[in-house]
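For the sequence shown, counting from 1, position 123 maps to 123 in UniProt numbering; every step adds exactly one.
Where a beta carbon is used, it is the ideal one built from N, C-alpha and C, also for glycine.
Below you'll find the structure, written out as structure tokens, and then a few comments.
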Amino acid sequence: MSSKEYQILKIVKTLDEADVILKEHNVSKYRTSDLSSSTKYSYRCSNYRKYPLCKIEIQVYVDNNHLTEIKLMYKNVHCHEQRNTTTRAPSPVRELVSNYVQCNLTEVQIKNLLFVNDPTASMPTNQLSNLINYARRKNNPEIFSVYDFNQWCINHKYDENSIHSTFVPYYYINDINNIFVFFATKQLLKDTQLSSLLQVDATYKLTWNELPLLLFGSSDADRHFRPFGVALVSSDEGSACYIDLFKQLKLISGQENQREYIVHYVMADGAPGITRAQKEIFPQARRLMCWAHVARKCREHRKLVPTDKWQQIDTDIHDLQLCFSDNIFTHGVSLVMKKWSTDPLIQQFQQYFFDQWIDKLPLWYEGAALNMPLTNNGCESLNSTIKK
């Protein structure tokens, strides 16, 4: 279209007045042109990407010789009848997801509510997951530096008036490679005195800078996991972070409950750092090994034996797991080792099994801790929920 088709919209005296009019018409600037005697600013629909048929344009002329005479010209009007095709989630769905995230709903709950409130909206599962994660990042306060994180910890010290508010009883933040932050509530710390079992697990790639997160707690009589808190650490490869965790948990629980925190059992996966920390801080406790991990690791090593012999070996291992006392387990191991040693084709697996699950981490059978869970599934399940 030629410039002759433009019509005068208004003449104002200041750019501020022009900005008010431009906002009312929902347009955005896309070009600035220096003419011989004036400067021209060109505007188009702010939603032109969504509505390609919307041809409204507004031009603002500022005369170089008369700066108090600003002329606004326009042509066409808004046309939002046809929306551009896009793979992006519809606006109503994005708004619903944002509202659900602000209510702290889980991903599964959000999916169910979307199906109820907007059954016509269908989108791939991975796209919905990405939308939920984006809404969470957008709505949650961001920490941009170690200094900001340190200030956040200072602002969340102990609060005597609230038993359910998160606070930081212990932390150190020297740099991104030397961090330990202990998060808990007064109520969760009170629960530490209700059980002599301590379960620990680490999860990854869900926190600031993808630092490891240690989750710890215990299971009740119904084997429901009850967390005591979480700890953000710079690394979980050695025993240092677990020593800090056990030491501070023992100290803080004792201070909060005015009685010593006693641990008889420590349940975890096969991480050697946890074992070393348990021996140093809770030497009287039994280091339980998650039975699910034992079974999984053994199956990963079944390539060490002929295929036709694995079924019997797997049965022998499961029979050992059912031993209900230390003495029976010791005799059972002796019999199984004697049985396996007669077959040279399985001696490589026999050596692996003995070194890893009899010598280093033998407490994965029922009698190792009667009436206690022999898997860390509850703790790991909560980790999965946190990731969602």
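Skipping 5 residues on each side, what residues in its chain have a beta carbon closer than 6 Å to that of Met267?
The beta carbon of Met267 is closer than 6 Å to those of Gln199, Leu288 and Asn376 in its chain, skipping five residues each way along the sequence.
So Asn117 and Leu131 are supposed to be a Cβ contact under 8 Å. How far apart are they, rounded?
Wrong, their Cβ atoms sit about 15 Å apart, outside the cutoff.
Could you name each continuous beta strand (DSSP E) segment of 3 residues or more that falls completely within the segment 264-313, going from the start of the chain to the end?
At a cut-off of 3 residues, the continuous stretches assigned as beta strand (DSSP E) that sit fully inside the segment 264-313 are 265-268 and 286-289.
Apart from the five residues on each side of it in sequence, which residues of its chain come closer than 6 Å, Cβ to Cβ, to Tyr242?
The answer, listed in chain order, is Gly273, Ile274 and Ala277.
Which class does Ile154 belong to by DSSP, given the choice of helix, strand or coil?
Secondary structure of Ile154 (DSSP, three-state): helix.
Under 7 Å, do Gly217 and Arg226 count as touching if we go by C-beta distance?
It is a contact, given that the beta carbons lie within the stated cut-off.
Collapsed DSSP secondary structure at Thr68 in the structure displayed:
Coil.
Distance between Glu280 and Cys379 (C-alpha atoms, nearest Å):
The C-alpha of Cys379 lies about 23 Å from the C-alpha of Glu280.
Outcome for Pro212 when other beta-carbon atoms lying within 10 angstroms are tallied against a minimum of 16
Looking at its Cβ environment, which holds 16 or more other Cβ atoms inside 10 Å, Pro212 is buried.
Specify the secondary structure class of Lys186 as computed by DSSP and reduced to three states.
Note: Lys186 maps to helix in three-state DSSP.
With 16 other CB atoms within 10 Å as the buried threshold, where does Ser2 fall?
A caution first: Ser2 carries a pLDDT of 44, below 50, which makes its placement in the model too unreliable to give a value.
DSSP three-state call for Lys138: helix, strand or coil?
Under the three-state reduction of DSSP output, Lys138 falls in the helix class.
Top-ranked residue by Cα proximity to Ser28, from Ser42, Asp34, Asp16 and Ser37:
Closest by alpha carbon: Ser42.
Which listed residue (Asp308, Val336, Phe167 and Pro119) has its alpha carbon closest to that of Gln321
Cα-wise, what sits closest to Gln321 is Val336.
Quick one: what's got a C-beta closer than 8 Å to Thr385's C-beta in the same chain, skipping five residues either side?
Counting only Cβ-Cβ distances below 8 Å, and skipping sequence neighbours, we find Thr106.
Cα-Cα separation between Leu15 and Ile70, rounded to whole angstroms
Roughly 7 Å between the two C-alpha positions.
Counting only beta-carbon atoms, is Ser341 nearer than 7 Å to chain B?
No chain B appears in the structure shown, which is made up of a single protein chain.
Inter-residue Cα distance where the pair is Arg94 and Thr192
Approximately 41 Å between the Cα atoms of the pair.
Hey, out of His164, Tyr170, Lys186 and Asp236, whose CA is closest to Asn177's CA?
Ranking His164, Tyr170, Lys186 and Asp236 by Cα distance to Asn177 puts Asp236 first.
Put Ile11 into one of helix, strand or coil per three-state DSSP.
DSSP places Ile11 in the strand class (E or B) of the three-state scheme.
Leaving aside the five residues before and after Phe182 along the sequence, list all residues of the same chain whose C-beta is less than 7 Å from its C-beta, in chain order.
Same-chain partners within the cutoff: Val168, Pro169, Tyr170, Tyr171, Gly229, Ala231 and Gln248.
Is the separation between the beta-carbon of Lys50 and that of Asn84 shorter than 7 Å?
In this structure, Asn84 lies closer than 7 Å to Lys50 by Cβ.
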